[in-house]
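Notes follow once the structure below has been shown.
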Amino acid sequence: MVPTMKSALFNRQPDDKPFLISGPCSAETEEQVLDTCQRLAATGKVQALRAGIWKPRTKPGMFEGVGTKGLPWLKKASELTGLPTAVEVATAKHVEDCLAFGIDILWVGARTTGNPFSVQEIANALRGVDVPVLVKNPIHPELELWVGAVERLQKAGLTHVGLIHRGFSSYGNTDFRNAPMWHLPIEMKRRMPEMPLLCDPSHICGRRDTLFGVAQQALNLGFDGNMIESHQNPDAAWSDAKQQITPEVLHDLIEGLVWRHESTDKREFLTALASFREQINHLDAEIMQLLGRRMAVAEKIGQYKKENDITILQTSRWNEVLERALRQGQSVGLTPEFVEQYLAAVHLESINHQSRVMEG
């Protein structure tokens, strides 16, 4: 165990720089691991080294990692650089092997987080072991699965549990490999404010040209740092070649990021911020009042439909509402994605109100 790593990630101070975990998506050869890790250490930007030892793949026949024989490579990289190491685990055997080779940080992958049986197996294997464990969000946007995985580890006695946001699979998503859905990690942070939260831009983006924007957005939202994949020769990587970057490119990317603090003692700033927040509070109250009035009208419409034997859902009317809102939203700077999500929620609530009237 490396105490400095634990204090850096789990006992962060306001002025601490962002925490960065980096290394190849997959450990391929000893030479590849050692070269990549030493070049990463030379950047002076990395606090921990990572490498995929076991690679859960969507289809059989794809490269699924070198397995346990890669752990000594990572241990040697740690000895050469003085940096702690991080590895993904999905089974009790993975945990046992990692502990046997002195791996410093473990993380639970997205596919595993979504399976309570697998998470419990890992938790049982870690019972009585004080090792930091980071939990990636599940593949699909199910917040309770993420919370449940954390709670299973905590109930096993683990006191150093953190989070990794790697995006969510979503239908129709084209901009990202995994949609960020930033509101979900923000909600996790609200529920667990003391828990470290890292972002995984590599898996959110799926390609290297958008890594910077996602990494910066994570810092803007108060994340504690990033996990970014790096490879000595990304284009020749055996897995996820498009999303990896060289250690030197990683150095430049990190150099360009702006680290903003969550709070400040400057009186002028605090006074201005309090004024803006009060404006937000008043506007939110007005929005709630308007939504309440809208639902009251929806109930009257429901009563009319009930008396005249008309179905609740009127597709043509819904299309008309959506098209008009999209035009209005664009004119005031709202994105189409937000307008659609907002109206979908309002529409569902209206249907619920009308349904209660119909059933009454």
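Using the working numbering, read the sequence shown as starting at 783 and increasing by one per residue.
We put the beta carbon where it would ideally sit given N, CA and C, even for glycine.
*asked:* Can you look up K918 in the DSSP assignment and give me helix, strand or coil?
replied: strand
*Mind checking whether H1033 and T850 have CB atoms under 7 Å apart?*
no
*Could you tell me if V996 is buried or exposed, where buried requires 16 or more neighbouring beta carbons within 10 angstroms of its beta carbon?*
buried
_Nearest-angstrom beta carbon gap, A868 and I803 [assumed within contact, 8 Å]_ = 5 Å
*List the DSSP bridge partners of E870.*
W889
*Taking V1040 as the reference, which of Q999, H876 and R934 has the closest Cα?*
Considering only alpha carbons, the answer is Q999.
*Where do the N-terminal and C-terminal ends of the beta strand (DSSP E) with S952 fall, by residue?*
Per DSSP, S952 belongs to no beta strand (DSSP E) and is neither H nor E.
*V1128 by DSSP, collapsed to three states: which one?*
helix
*Note the first and the last residue of the continuous alpha helix (DSSP H) segment covering M1009.*
Boundaries for M1009: no alpha helix (DSSP H) harbours it, while the beta strand (DSSP E) harbouring it runs G1007 to E1011, taken from the DSSP string.
*Using the C-alpha atoms, what's the distance from G834 back to W855?*
12 Å
*Where do the ends of the alpha helix (DSSP H) carrying A859 lie?*
L853 to T863
*asked:* Can you tell me where the beta strand (DSSP E) holding G805 begins and where it ends?
replied: F801 to G805
_Taking a contact to mean a Cβ-Cβ separation below 7 Å, would you say F801 touches L816 in this structure?_
no
*asked:* Please state the DSSP three-state secondary structure of A830.
replied: Looking at A830 - three-state DSSP - the assignment turns out to be strand.
*With distances taken Cα to Cα, identify the nearest neighbour of V929 among A809, T992 and P898.*
P898
*Whole-angstrom C-beta distance between E1011 and Q1026, which should lie under 8 Å*: 5 Å
*asked:* Strictly by DSSP, which residues pair up with V943?
replied: V915
_Quick check on I1092: does DSSP put it in helix, strand or coil?_
Residue state for I1092 is assigned as coil, using DSSP reduced to three classes.
_Can you tell me where the beta strand (DSSP E) holding L979 begins and where it ends?_
Secondary structure note for L979: its beta strand (DSSP E) is the uninterrupted segment L979 to C981.
*Under 7 Å between the Cβ atoms of V871 and L888?*
yes
*Classify M783 as helix, strand or coil using the three-state DSSP reduction.*
Since pLDDT at M783 reaches only 41, below the 50 mark, its modelled position is unreliable, and the value read off the structure follows with that caveat. DSSP places M783 in the coil class of the three-state scheme, outside both helix and strand.
*Under three-state DSSP, which class holds I1027?*
Residue state for I1027 is assigned as strand, using DSSP reduced to three classes.
*DSSP state of A809 mapped onto helix, strand, coil*: coil
*asked:* Which of the three DSSP states is assigned to A961 in this structure?
replied: strand
*In the structure shown, what three-state DSSP assignment does Q902 receive?*
helix
*Three-state secondary structure (DSSP) at S1021?*
coil
_Own chain, CB closer than 8 Å to P1118, minus 5 neighbours either side, in chain order_ = Counting only residues of its own chain and dropping the five nearest sequence neighbours on each side, P1118 has a CB closer than 8 Å to the CB of L1108, G1111 and Q1112.
*Could you pull out every residue in the same chain whose Cβ sits closer than 6 Å to the Cβ of V1114, ignoring the five residues on either side in sequence?*
none
*Where do the ends of the alpha helix (DSSP H) carrying G896 lie?*
No alpha helix (DSSP H) contains G896, which DSSP labels as neither H nor E.
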